[in-house]
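Numbering (my numbering), first residue to last: 67 to 427. We treat Cβ as the ideally placed atom computed from N, Cα and C, and that holds for glycine. No experiment lies behind these values; they were computed from the predicted model shown. To start, the structure under review is shown below, and the notes come after it.
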């Protein structure tokens, strides 16, 4: 990318930043919460680019000043100082430009959202349920290190441990942008607790990560929703709540059904279920976007086919392999204890490389 073209882009972004800042002070915008949130987010998103633009602009200005001194100044001491500054500032240009190119890459507008995660036991019977429980523990530990909050909304326990299915929300900073890489089939190879002959079995669990829909992302017509109440139940269907506090919502036009039995309060369960329903409806449209880019980015597991095998956890070899980027790590216990940031970082680097290649910058 030519230097003047990069500057032109940055100057245009700076002008928009100033414009949005002014819009945020206008009474019409302040009184319209939906627009105010939209512009406030745009302003926040532009801020880091504007900051590096100023640094880059100053760097180029210093280089030009140093060159001018070297071309006109006779005093040797001044020339030495100018030469030192020219060398120093010139070394900063390339790293700054690389950082700017990454910041200019189009980001998924959903990345800043919270997420709804689902883990379901797949092939492997009881062992698959146990593995689903292991994955939930892994994500819980990871979220804890990030300072994120987890709330379980629905679960079905396995007969010997773990979960047949567990649904939970994750709230925090840039949750979906971090966890979206986890969507897909996770495979485990190990000797099951129920295996008496020590043979290694292969089981699987499916992970889905959905960006949580905000209040203004989708409008729900409550007349389209059928609400049912029932008693919360524990393992084996045993009633653990004698009041009808659990909620099941059915969206009649789409046929989507969600339920929440986490809270003792029917009102709280209803609010959580309504939020999940809104998220699932929102993701019908979002999935079209994912399908569109599925063939372009192999790192985007949440794209297209969510039944694709993305990662294998091999216990005998203490090995974790991410099949999308051929990354293999031999520290399985460490990873299962919630330390998955290294894998996510590698996927993000690969995705950025793919974006850079596609953008031609």
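Exposed or buried, which one is residue 377 when buried takes at least 16 other CB atoms within 10 Å? buried
Near residue 159, what residues of its chain come up, given a Cβ to Cβ distance below 7 Å and the 5 sequence neighbours on each side ignored? So the list reads 125, once near-sequence residues are dropped.
Distance check for residue 268 and residue 259, CA to CA, integer angstroms please. 13 Å
With H, G and I counted as helix, E and B as strand and the rest as coil, what does DSSP make of residue 332? helix
Comparing alpha-carbon positions, which option in 423, 184, 169, 410 lies nearest residue 346? The candidate whose alpha carbon is nearest that of residue 346 is 184.
Please determine, among 162, 128, 423, 344, the residue with the shortest C-alpha to C-alpha distance to residue 278. Out of 162, 128, 423, 344, 344 has the C-alpha closest to the C-alpha of residue 278.
Evaluate the contact criterion for the stretch 185-205 versus the stretch 227-245: three or more CB pairs, one atom per stretch, below 8 Å. yes
If we ignore side chains and look at the alpha-carbon of each, how far apart do residue 207 and residue 156 end up? 44 Å
Run the CB neighbour count on residue 219, radius 10 Å, all protein chains shown included, and call it buried at 16 or more, exposed below. A buried status is given to residue 219, since no fewer than 16 other beta-carbon atoms sit within 10 Å of its beta-carbon.
For residue 375, does the three-state DSSP call read helix, strand or coil? strand
Can you tell me where the beta strand (DSSP E) holding residue 277 begins and where it ends? 267-277
Would residue 195 and residue 238 qualify as a contact pair, given that the criterion is a beta-carbon distance under 8 Å? no
Roughly how many angstroms lie between the CA atoms of residue 292 and residue 327, to the nearest whole one? The alpha-carbon atoms of residue 292 and residue 327 are separated by roughly 16 Å.
Could you compute how far the alpha carbon of residue 440 sits from the alpha carbon of residue 248? It is not possible to answer for residue 440, since the shown part of the chain is limited to 67 through 427.
Are there 16 or more other CB atoms within 10 angstroms of the CB of residue 318, so buried, or fewer, so exposed? exposed
Ends of the beta strand (DSSP E) at residue 235? 229-237
Collapsed DSSP secondary structure at residue 403 in the structure displayed: Coil at residue 403, not helix or strand.
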